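Residue numbers (this note's numbering): 117 to 316. In this text, a Cβ means the ideal position worked out from N, Cα and C, and glycines have one as well. Treat the numbers as computed from the prediction; the structure is a model and nothing was measured.
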Amino acid sequence: MEQTGALFVVSGPSGVGKGTIIKNALERLSGRDDIQVALSVSVTTRAPRPGEIDGVHYHFISREQFFELLEKGELLEYTKYAGNYYGTPVKEVEDRVRRGVHVLLDIETAGAMEVKKNWPQAVLCFILPPSMEELERRLRARGTETEESIARRLEIAENERAKAHLYDYQILNDTLEEAVDQLVNVLLSWNQKKGKREAN
Ligand code: 5GP
């Protein structure tokens, strides 16, 4: 099977602004005809937050459904994060990559390492917060988490930050515009490399 699309993994602590950076980067690229990038929609056992739509932000499923997918080998990677399960449906990724579409995965660090193991040509990007104090401020300002969840997410964030050096790119989210620019540049430069390989 010839794979022409690339796999891009974006990780970073909860509250760092990953979702917004990814959304803006995809919007920036959506008008171009030389590159196609799609965001993978994960499955999760977490309850939807207000405003989250099933099939758009996540496929919200039960634990039973999650373990059925896992047993059938339908997840590219999975993890348990803050008490809930999350996983990447493999079929969607493979279909897109085969069609030359780049796929972006918004996943945490354990999943990212798993992807790199199974798919070594994946490109790994880590989004860094300006500081842990700023991360806590942003997480609180988001208003979606309980105090307990904030505490858990900050603890996980410390461990995740220690893995940033394992990534191909580190993107500092100081100003949103600059962070989006950097992610867009990573995507475009890999797309160009792909174009060159195909032309040869
Ligand atoms: P949240 O609950 O804030 O939506 O996501 C919590 C964390 O889980 C985030 O770091 C997010 O990137 C990660 N995540 C979302 N989907 C997946 C997935 O399919 N696999 C893995 N390993 N992590 C995921």
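Exposed unless 16 or more other CB atoms sit within 10 angstroms - verdict on residue i
| i | result |
| --- | --- |
| R215 | exposed |
| Q298 | buried |
| E307 | The identity of residue 307 in the sequence shown is Asn, whereas the question assumes Glu. Answer is buried; the Cβ neighbour count reaches 16. |
| R253 | exposed |
| T120 | exposed |
| K139 | exposed |
| M117 | Unreliable positioning characterises M117 in this predicted model, as indicated by a pLDDT of 44, which lies under 50. The coordinate reading is nonetheless provided below. M117 comes out exposed. |
| L123 | buried |
| E128 | The amino acid occupying residue 128 in the given sequence is Gly; Glu does not appear at that position. By the 10 Å Cβ count, G128 comes out buried. |
| R258 | exposed |
| E276 | buried |
| T136 | exposed |
| K233 | exposed |
Backbone CA spacing between residue i and residue j [nearest angstrom]
| i | j | result |
| --- | --- | --- |
| R148 | V206 | 26 Å |
| A273 | I287 | 15 Å |
| I177 | F183 | 10 Å |
| G131 | G189 | 31 Å |
| G133 | T291 | 10 Å |
| K309 | D222 | 23 Å |
| L142 | I169 | 18 Å |
| V219 | T161 | 22 Å |
| L185 | V213 | 21 Å |
| S265 | G199 | 10 Å |
| E249 | W235 | 34 Å |
Nearest residue (CA-CA) to residue i, options the options
| i | options | result |
| --- | --- | --- |
| S158 | V209, L251, L240 | V209 |
| E224 | R258, L282, D290, Q152 | L282 |
| I289 | G121, V126, A122, T120 | Strictly speaking, residue 289 in this sequence is Asn, with Ile absent from that position. Selected option, being the one with the closest Cα: V126. |
| Y201 | R179, D211, A226 | R179 |
| D284 | L255, C241, P245 | C241 |
| P245 | K232, A278, A228 | A278 |
| I172 | A198, S156, A163 | Note on residue identity: the sequence assigns Val, not Ile, to residue 172. V172 has its Cα closest to that of S156, out of A198, S156, A163. |
| A238 | I137, V302, S247, D150 | V302 |
| Y197 | R268, D150, A154, E294 | R268 |
Beta-carbon proximity check, residue i vs residue j, cutoff 8 Å
| i | j | result |
| --- | --- | --- |
| V400 | R144 | Residue 400 lies beyond the stretch modelled for the chain, which goes from 117 to 316, so this question has no answer here. |
| E193 | G203 | yes |
| G227 | T195 | yes |
| V217 | Q152 | yes |
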